[in-house]
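Working notes, structure below.
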Amino acid sequence: MAAAGAKKLVPLLNRVLVEKVTAPAKSIGGVLLPESATKINEARVIAVGPGLRTKDGEVIPVSVKEGDSVLLPEYGGSQVKLGEKEYFLFRDDDLLGVLH
Amino acid sequence: MAAAGAKKLVPLLNRVLVEKVTAPAKSIGGVLLPESATKINEARVIAVGPGLRTKDGEVIPVSVKEGDSVLLPEYGGSQVKLGEKEYFLFRDDDLLGVLH
Amino acid sequence: MAAAGAKKLVPLLNRVLVEKVTAPAKSIGGVLLPESATKINEARVIAVGPGLRTKDGEVIPVSVKEGDSVLLPEYGGSQVKLGEKEYFLFRDDDLLGVLH
Amino acid sequence: MAAAGAKKLVPLLNRVLVEKVTAPAKSIGGVLLPESATKINEARVIAVGPGLRTKDGEVIPVSVKEGDSVLLPEYGGSQVKLGEKEYFLFRDDDLLGVLH
Amino acid sequence: MAAAGAKKLVPLLNRVLVEKVTAPAKSIGGVLLPESATKINEARVIAVGPGLRTKDGEVIPVSVKEGDSVLLPEYGGSQVKLGEKEYFLFRDDDLLGVLH
Amino acid sequence: MAAAGAKKLVPLLNRVLVEKVTAPAKSIGGVLLPESATKINEARVIAVGPGLRTKDGEVIPVSVKEGDSVLLPEYGGSQVKLGEKEYFLFRDDDLLGVLH
Amino acid sequence: MAAAGAKKLVPLLNRVLVEKVTAPAKSIGGVLLPESATKINEARVIAVGPGLRTKDGEVIPVSVKEGDSVLLPEYGGSQVKLGEKEYFLFRDDDLLGVLH
């Protein structure tokens, strides 16, 4: 977990900074469902890097933009604390899709 | 298993969202065949990503399109729940062929 | 083993659909030879994919065509059932040669 | 740990020389927090290499510059002692982002 | 060991079909030398494939031709039976050199 | 350890021949410090190879030159004895930086 | 160990055929030094291959020529017997340098 003071992070290369969406706790018949049952791999894009460079030095822009709602893979991503808030850094090509 | 609220998913890069075809239960002489015997690796394409970029940054379109009936490999693919429905995400080059 | 209803399969990318040639049972002095002794890795090409794309996006056609008789490698290939018939899918560059 | 007399180091290729930011010791209710709780992966860029060459021989400049404040990955980097001071060398593409 | 009926095999891609040269049995003082002492890794080229394609789709011809006498590496190659005759398939870049 | 008679070695490809700088023995309060405490990974460049070729055959010159003082990585390099003198061969991209 | 009758070998691709220089036995005070103490990794280039092809099919010539005296790496190379003489085959990029 990489941590830094309460600053703004501009990701490098094709990294994407996201904030996970936490699902409202669900209960069935008053019984609170375990977190795994309500686990949502949705996240909001906070900031994106410039993108990777091709072998000829041209930059390939990242395929998502700030504000997009994305579907995260089951695993991966590195946790980043900025001040008290918790974010995750993913590589652009690990993100599964954009939710509309 | 990546899960999200009941939304529409647009896959990224060369990913393909499919919905598996479930084979009608079969029985021989009234005896219900085990699921493996009737297991069909057929699926319908729900949505496709834009495709991968070549080293020079050009996009190679995905080789299947929405509505195609495809043959899935034995293994692979990641499960995705959108609302109550279950889908699978495959990479374009893992799909075996198109069924006509 | 990927299975699908009795349909026609068009392989994707550089995959080649083949049907194995089964060798006539051989016997020496009336003793039936074990299957391995008469095992022939010959197969007939049923259908071919369009081919792989180079990194610049151009398609490299597959090097065999429908109807060719090919020599299969000892291992590899994935089994595919279409209806009641059994086929195998190989990648073009795994096929050893064309038999004339 | 690579060590050298008290000299100036110009990194080679896409290496970046950084000096880690040490977080002020924190205490809660007078109890000194363990170092891991206040561990900040922030660092200041001291010097950068010219960058990597593409396969065609062109140089891809490094994506950070002297004086930038960067977020370091959890692991990696090689320790370098120049005289009595301690620095770290990272590859440009291992740095997570620039802090503003 | 890939086997096929008594047919002619045209190798695919950069594969080379060779027939091993068997060294005359040697004896010293009438004592027959073990096969390993007289083992010759020499072979005659029977047929060659068209060659591999570069990433731009151009074909790189194989570096040996039918009739060449070549030096084989210690290991590698796949055995191929065509009718009753035994051959070996090597990739062009595994062959060590041409003997004159 | 590659050894050769007392000759001059011109490295091949992107190899760099260096001679390690040995740190003066240090003592604190008259107690000789162990070699690891005074271990300096500094070296002087004796000779450089022409450089590596890109995939298009162009040569990428090595990034250091004869006489440069360089910082060596903790590990790696192959020992070379030329006559009675001991040198080390590193690949250009393993050298950490140039000391000024 | 690849062996062939007493013929001339032209290496393929970027292979280099060398003959090892055997160091004169050394003794100190009349005591014969063990072979490892006098082991010289020097060799003479006997024959060179045309070179490797780049991805675009162009040939990159080998960086040493017949008659050069080269420094061999500690390990590697495949032994080749041509008639009664023993040689070694190295890949061009495994040779450390040229001795003058």
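Chains as they are written, first to last, in my numbering: chain A, 1 to 100; chain B, 101 to 200; chain C, 201 to 300; chain D, 301 to 400; chain E, 401 to 500; chain F, 501 to 600; chain G, 601 to 700.
C-beta: ideal position from N, C-alpha, C; glycine also.
So the candidates are the options; which of them puts its Cα closest to the Cα of residue i?
{"i": "V570/F", "options": "H600/F, A502/F, K508/F and L509/F", "result": "H600/F"}
{"i": "N314/D", "options": "G367/D, K381/D and P350/D", "result": "P350/D"}
Are there 16 or more other CB atoms within 10 angstroms of the CB of residue i, so buried, or fewer, so exposed?
{"i": "Y87/A", "result": "buried"}
{"i": "G483/E", "result": "exposed"}
{"i": "G177/B", "result": "buried"}
{"i": "E274/C", "result": "exposed"}
Inspect the beta-carbon positions of residue i and residue j and report whether they are closer than 8 angstroms.
{"i": "D294/C", "j": "V262/C", "result": "no"}
{"i": "L213/B", "j": "V18/A", "result": "What is shown of chain B runs 101 to 200, which leaves residue 213/B out entirely."}
{"i": "V259/C", "j": "V216/C", "result": "no"}
{"i": "K455/E", "j": "T222/C", "result": "no"}
{"i": "L672/G", "j": "L589/F", "result": "no"}
Rounding to the nearest angstrom, what Cα-Cα distance links residue i and residue j in this structure?
{"i": "K265/C", "j": "R244/C", "result": "10 angstroms"}
{"i": "I546/F", "j": "K320/D", "result": "34 angstroms"}
{"i": "K308/D", "j": "G57/A", "result": "29 angstroms"}
{"i": "K181/B", "j": "N341/D", "result": "36 angstroms"}
{"i": "G467/E", "j": "L452/E", "result": "21 angstroms"}
{"i": "Q179/B", "j": "V610/G", "result": "56 angstroms"}
{"i": "A2/A", "j": "K585/F", "result": "47 angstroms"}
{"i": "G329/D", "j": "G529/F", "result": "43 angstroms"}
Got a sec: is the Cβ-Cβ distance from residue i to anything in chain J below 8 angstroms?
{"i": "R153/B", "result": "Absence of chain J from the displayed structure is noted, the protein chains being A, B, C, D, E, F and G."}
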